[in-house]
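Student:
And the structure:
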């Protein structure tokens, strides 16, 4: 049902680039012979960040007015109402998913990192949050490796390690920002496919779409990871921090911290999982673990969530010798 109303909204600044053109060409492709999995695109010149020169896209649904009003009134609705008009002229309200994909070239990312070494990408992030307060940001970078090579050839004193440290700071210190920078410079087909596939993830069945979004974009908590770990350290100590680091190899660090806050050690976690015979009970036990330091608020991920819970439970019990997973779908 969501796919029927799904839209990808492309800023005119992105649509005018070779990647934007490739995205538009890629959208009509039918996936697995299922026509209901395609969705139209809209190009807008008055998207909030386009006026500042940013190249980006968002996803949303255009619904009948009554359905849109009911959805917005539902408790926990994370969709944002938008006044962007429908190109066809129909009066169909637009609700945006809390997800924003911003495109940078490798050279643009490098310049931004060098301009803000103390707080990398903070200026960009603040611009996004002012325009869309509830949105999580994915920065999709095309040609990062090539940009680094060009800079190294042009400047023998270029400190590549320092730049990579800044990328690490963004990855672990800004949980509301996700960086994807492994796309080669000339592979526009891959970049367009990656971007369109995010839309397909968001257009899953209603009961799955929010968690699918969270699994794709990570925690929407805007609390820095270091703050979450400080709270975890005060609550539980070194052993729980160690558990958090271990679980972070499997799921987003904020979700790992939520589970580590509830259990003092790996042994205690495995013991609690073993005490439950049904897979659904194990998953529910971990899904409701609260992320430390995150105050309740609309649009924020506050608990570990079912996808992370299922992944952790399966891994933990598989490693401890349990292989009876037939009941995990109960």
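Residue numbers (our numbering): 6 to 335.
C-beta atoms are modelled at their ideal positions from N, C-alpha and C, and glycine is treated no differently.
1) Per DSSP, which residues does residue 46 bridge with? Please list them.
2) Short of 7 Å in beta carbon distance, which residues of its chain neighbour residue 19, apart from the five on each side in sequence? Order them along the chain.
3) Count the other CB atoms, across all protein chains shown, that sit within 10 Å of the CB of residue 300; report buried if there are 16 or more and exposed otherwise.
4) Buried or exposed: which applies to residue 116, given that a residue is buried once 16 or more other Cβ atoms fall within 10 Å of its Cβ?
5) Let me confirm a value: residue 264 is counted as buried when at least 16 other C-beta atoms fall within 10 Å, else exposed. Which label applies?
6) If residue 255 sits next to residue 270, beta carbons under 8 Å apart, how far is it from one beta carbon to the other, in whole angstroms?
7) Where do the N-terminal and C-terminal ends of the alpha helix (DSSP H) with residue 70 fall, by residue?
8) Cβ of residue 14 within 8 Å of Cβ of residue 49?
9) Starting from residue 287, follow the alpha helix (DSSP H) in both directions and report where the run begins and ends.
10) Measuring alpha carbon to alpha carbon, tell me which residue in 122, 272 and 140 is nearest residue 183.
11) List the whole-angstrom C-beta distance separating residue 32 from residue 201, where the pair is believed to meet the contact cut-off of C-beta under 8 Å.
12) What are the partner residues of residue 60, as DSSP defines its beta bridges?
13) From the DSSP output, which residues share a beta bridge with residue 143?
14) Measuring alpha carbon to alpha carbon, tell me which residue in 165, 167 and 172 is nearest residue 144.
15) If you run the structure through DSSP and keep just helix, strand and coil, what is residue 276?
16) On the three-pair Cβ rule with 8 Å, is the segment 68 to 75 touching the segment 119 to 126?
17) Rank 54, 199, 12 and 283 by C-alpha distance to the C-alpha of residue 92 and give the top, closest one.
18) Going by DSSP, what residue range makes up the alpha helix (DSSP H) through residue 159?
19) Output needed for residue 241: all residues of its chain with C-beta closer than 8 Å, excluding positions within five of it in sequence on either side, in chain order.
20) By the three-class DSSP mapping on this structure, what secondary structure does residue 299 have?
21) Would you report the Cα separation of residue 199 and residue 187, rounded to the nearest angstrom?
22) In chain order, what residues of the same chain have a beta carbon less than 7 Å from the beta carbon of residue 45, not counting five sequence neighbours either side?
23) So, are the CB atoms of residue 262 and residue 291 less than 8 Å apart?
24) On a CA-only basis, which of 309, 194 and 142 is nearest residue 185? Give me that one, please.
25) Determine the extent of the beta strand (DSSP E) in which residue 86 is found, giving its start and end residues.
26) Is the beta carbon of residue 23 sitting closer than 8 Å to the one on residue 193?
27) Looking only at its chain, what residues have a beta carbon closer than 8 Å to the beta carbon of residue 197, apart from the 5 residues adjacent to it on each side?
28) Just the Cα atoms here: how many angstroms apart are residue 189 and residue 78?
29) Within 10 angstroms of the Cβ of residue 1, are there 16 or more other Cβ atoms? Answer buried if so, exposed if not.
30) Measure from the alpha carbon of residue 86 to the alpha carbon of each residue in 284, 274 and 138, then state which is nearest.
31) How big is the Cα-Cα spacing for residue 113 and residue 275?
32) Let's see if you can read the secondary structure: which residues bound the alpha helix (DSSP H) around residue 131?
33) Applying the criterion that 16 or more other CB atoms from any shown protein chain within 10 Å of the CB defines a buried residue, is residue 338 buried or exposed?
Tutor: In short:
1) 13
2) 25, 60, 61, 62 and 108
3) exposed
4) exposed
5) buried
6) No, residue 255 and residue 270 are not in contact; Cβ-Cβ is about 17 Å, not under 8 Å.
7) 70 to 78
8) yes
9) 284 to 292
10) 140
11) 6 Å
12) 108
13) 106 and 183
14) 172
15) helix
16) no
17) 12
18) 149 to 159
19) 265, 266 and 269
20) coil
21) 11 Å
22) 12
23) no
24) 142
25) 85 to 87
26) yes
27) 24, 27, 28, 30 and 31
28) 43 Å
29) Because residue 1 is not part of the residues shown, which for the chain are 6 to 335, the question remains open.
30) 138
31) 45 Å
32) 127 to 136
33) Since the first residue shown for the chain is 6 and the last is 335, residue 338 is missing from the structure and cannot be characterised.
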